[in-house]
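The next block holds one structure in the form of structure tokens; read it before the comments.
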Amino acid sequence: MRKYSSFPTLFPFLLLSLLFSPSNTDPDLLVDYCVADTSPAGQSLHLNGLPCLDPALARPSHFATSILSKPGNTAANPFGFNVTLTTAAALPGANAQGLSLARVDLAGGGLVPPHSHPRASEVALLLHGDLLVGFVDTSYRFFTQRLRPGDAFVFPRGLVHFLYNLNPVAPAVAVSGLNSQNPGVQMMPLAAFRSDPRIPEEVLEKTFKISGQDIHRIQKNLGG
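According to mature numbering (1 follows the signal peptide of the UniProt record, and there is no 0), the sequence shown holds residues -25 to -1, 1 to 199 in order.
Here you go:
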């Protein structure tokens, strides 16, 4: 008797289970909270996140931080921006909660260059200034918007996006919320021209249709 494989029948269900699996986001907590144990003993463990402090030792200060109240140094890079991200060290109570906050400071004319967050979606709220923001989807469609104070904009997970201060003199400040404790970031210009080890020049020449001299100039301008 001829035997038929059940795989063609099961495949759609397997695909759906992968697409809608909770593994696509940070894992859910099984307790009320998991204050990060930032002690040397806790740091020595290699976990997806930090180990939990004994709940009996949790204090209100573990759930509060003033790190986002301080302006960042926008002169530290050639693009004129600074991002201050809440970490488990600065905000232990956020450990394993599946979220993080970031303060984005831009000097006059400053730019957060095209970049992506492989593990998080982002919503940016402009507090002060005049920003042009945008992202490109996987069909290369460009979505852009000018933001005024109080305006917000969503950057879908993993898509390349940017924030640009339209005012050449006055600074701008935004706060971003991300739905991952560790969203990750990959700056497109740095990934292409500042990787370690370097991407072969022939690859960059063919990709961007530029010369080796252009590559060296760009690397130098990026601090390489």
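Ideal placement from N, C-alpha and C gives every residue a C-beta, glycine not left out.
Residue of the options minimising C-alpha distance to residue i
i, options, result
"Ala77", "Pro172, Cys9, Ser151, Ala51", "Ser151"
"Pro88", "Asp171, Asp112, Pro164", "Pro164"
"Phe137", "Leu81, Pro124, Phe110", "Phe110"
"Thr13", "Val79, Val6, Asp7, Gly68", "Gly68"
"Leu122", "Asn48, Asn142, Leu101", "Leu101"
"Pro46", "Phe56, Arg192, Ser186", "Phe56"
"Asp29", "Tyr8, Ser41, Pro53", "Tyr8"
"Asn48", "Ser36, Ala82, Leu60", "Ala82"
"Glu97", "Thr113, Ser114, Tyr115, Ser75", "Ser75"
"Ala33", "Pro143, Asn70, Leu141, Gly133", "Asn70"
"Ser41", "Ala167, Ala50, Leu25, Thr59", "Thr59"
"Ala99", "His37, Arg116, Asp126", "Asp126"
"Ile193", "Pro175, Arg169, Thr182, Lys181", "Arg169"
"Cys27", "Val10, Pro35, Lys184", "Val10"
Bridge-paired residues (DSSP) for residue i
i, result
"Tyr115", "Note: Tyr115 sits in no beta bridge, so no partner."
"Phe128", "Ala99"
"Val108", "Gln120, Leu138"
"Cys27", "Ala11"
Range covered by the alpha helix (DSSP H) that runs through residue i
i, result
"Asn196", "187 to 196"
"Pro164", "163 to 168"
"Val178", "176 to 183"
Limits of the beta strand (DSSP E) - the one that residue i falls within
i, result
"Leu76", "75 to 81"
"Phe56", "56 to 60"
"Val87", "86 to 91"
"Asn140", "135 to 140"
"residue 200", "Outside the shown range of the chain, which is -25 to 199, sits residue 200, and nothing can be said about it."
Sub-7 Å separation of residue i and residue j beta-carbons
i, j, result
"Val129", "Gln120", "no"
"Asp80", "Val148", "yes"
"Asp189", "Gly73", "no"
"Ala65", "Asn154", "no"
"Leu134", "Asp112", "yes"
"Pro172", "His92", "no"
"Ala63", "Leu25", "yes"
"Val160", "His90", "yes"
Cβ distance (whole Å) where residue i is taken to contact residue j below 8 Å
i, j, result
"Gly84", "Pro124", "Actually they are not in contact, since the Cβ atoms of Gly84 and Pro124 sit about 18 Å apart, beyond 8 Å."
"Asn140", "Pro53", "Incorrect: roughly 14 Å between the Cβ atoms, too far for contact."
"Ser186", "Glu177", "At roughly 11 Å, the Cβ-Cβ gap does not stay under 8 Å, so Ser186 and Glu177 are not in contact."
Cutoff 7 Å: residue i Cβ touching any chain D Cβ
i, result
"Pro2", "The chain inventory of the structure shown lacks chain D, comprising one protein chain alone."
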